[in-house]
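One point on numbering: in this note's numbering, the residue at position 55 of the sequence shown is 37, and numbering is uninterrupted. For each residue, glycine too, the CB sits at the ideal point set by N, CA and C. As the structure is a computational prediction, the values presented were derived from the model and not from experiment. Inspection log for the structure reproduced underneath, given as structure tokens.
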Amino acid sequence: MRFAVTARGDERSHMLKEQVEQALIERGSHRDVVTPEIVISIGGDGTMLQAFHSYLDQVEEITLVGIHTGHLGFYADWRPEEMDELIQHIADDNIATVEYPLLELSIDYADGSTNKLLALNECTIKSFNQTLVCDLSIRGEYFETFRGDGLCISTPSGSTAYNKALGGAIVHPALEAIQITEMASINNRVYRTIGSPMLLPKHHDVEIQPVNPIDFQLTYDHYASIVHQNVKSIRCRVSDKKVKFARFRSFPFWQRVRESFLAEERS
């Protein structure tokens, strides 16, 4: 089994990284940071997002698993004291996986060029220095003109992150969909938006077009925030690609939700 380990910058995570690497090598696995079969993330969900983007070009060939050295996360669900059990599962090369949908963004520019991005959690779209005013079209049909701070487009697995803080719905990852959630929309006698989060299934897409020439600030997975100039439109949809996570034991999604927001961490 070829493996790679990524870790958060703190001392505890770094020490655990060395222990995991040594233990896997002793059990016959091979460290390969270029073409791994499994990527082990040590830290929290932020570390897992970094690992995902580090191996984005191999997203369909790798399996991800996380050890959390802080609070329980949605992606990092093993604890340091369970390291030996996890390592044995990996060494046995008997990996069951679950697949999560990804968000695909296609950014079309005025010069005819296109840039494509993938996100595991979400993408936020804002105007760089003014109120965002843009037309939204769903499946090619005009839907509304949005005015406000911005829009958050999230995946089901990302619905518990920034989307939830904005009042969006929590969506089970078994549903292949994206969610559009408004950020401080302007609603009065003159301007109206739908004012509600919207779920779009896999075969639907949303196109976002600026009403006036503006610079878009796109932030995806809190991993990168980039100002895009001369944007003609941004199209968001469920990607044809999926990300795989190792599941060596049962840990249902709704149990994760309860433990993260309603109950204490597992004892």
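Check, Outcome
"Cα-Cα, which of Leu200, Val239 and Thr(-12) is closest to Leu99?", "Leu200"
"Go ahead and pull the three-state DSSP assignment for Gln161.", "strand"
"So Phe(-15) packs on Ser11, CB below 8 Å; how close in whole Å?", "5 Å"
"Do Glu3 and Val(-13) have their CB atoms nearer than 8 Å?", "yes"
"DSSP state of Thr29, grouped into three classes?", "helix"
"Does the Cβ of Lys(-1) have 16 or more other Cβ atoms within 10 Å, making it buried, or fewer, making it exposed?", "buried"
"Output the boundary residues of the beta strand (DSSP E) element that contains Tyr202.", "Phe198 to Tyr202"
"For the alpha helix (DSSP H) that contains Tyr144, what are its first and last residues?", "Tyr144 to Ala147"
"Here's a check: name, in chain order, each residue in its chain whose Cβ is nearer than 6 Å to the Cβ of Tyr205, leaving out the five neighbours to either side.", "Leu31 and His35"
"Quick one, are the C-beta atoms of Leu102 and Ser139 less than 8 Å apart?", "yes"
"How is the beta strand (DSSP E) around Lys98 delimited, first residue to last?", "Thr96 to Ala101"
"Would you kindly work out how many angstroms separate the C-alpha atoms of Val80 and Asp90, rounded to a whole number?", "32 Å"
"Cutting at 7 Å between CB atoms, please list the residues of its own chain near Asp117, excluding the five before and the five after it.", "Tyr124, Thr127, Gln191 and Val193"
"Determine the burial state of Tyr144: buried for a count of at least 16 other Cβ atoms within 10 Å of its Cβ, exposed for fewer.", "buried"
"So what does Ile190 bridge to, in DSSP terms?", "Leu118 and Ile216"
"Can you find at least 3 beta carbon pairs, one from the region 68 to 82 and one from the region 211 to 218, that sit closer than 8 Å?", "no"
"Grouping DSSP H, G and I as helix and E and B as strand, with all else coil, what is Asn38?", "The sequence shown places Leu at residue 38, rather than the Asn named in the question. Three-state DSSP puts Leu38 in a helix."
"Enumerated in chain order, which unbroken segments of the beta strand (DSSP E) with a length of 3 residues or greater are wholly contained in the region -16 to 16?", "-16 to -11"
"On the DSSP letters alone, give me the boundaries of the alpha helix (DSSP H) that His71 sits inside.", "Met65 to Ala73"
"Would you say the region 169 to 189 touches the region 216 to 224, given that touching needs at least three Cβ pairs under 8 Å?", "yes"
"Which whole-angstrom value describes the C-beta separation of Pro155 and Tyr82, a residue pair presumed to lie in contact below a C-beta threshold of 8 Å?", "5 Å"
"What does Pro183 pair with, by DSSP beta-bridge criteria?", "Ala159"
"Helix, strand or coil for Pro195, going by three-state DSSP, please let me know.", "coil"
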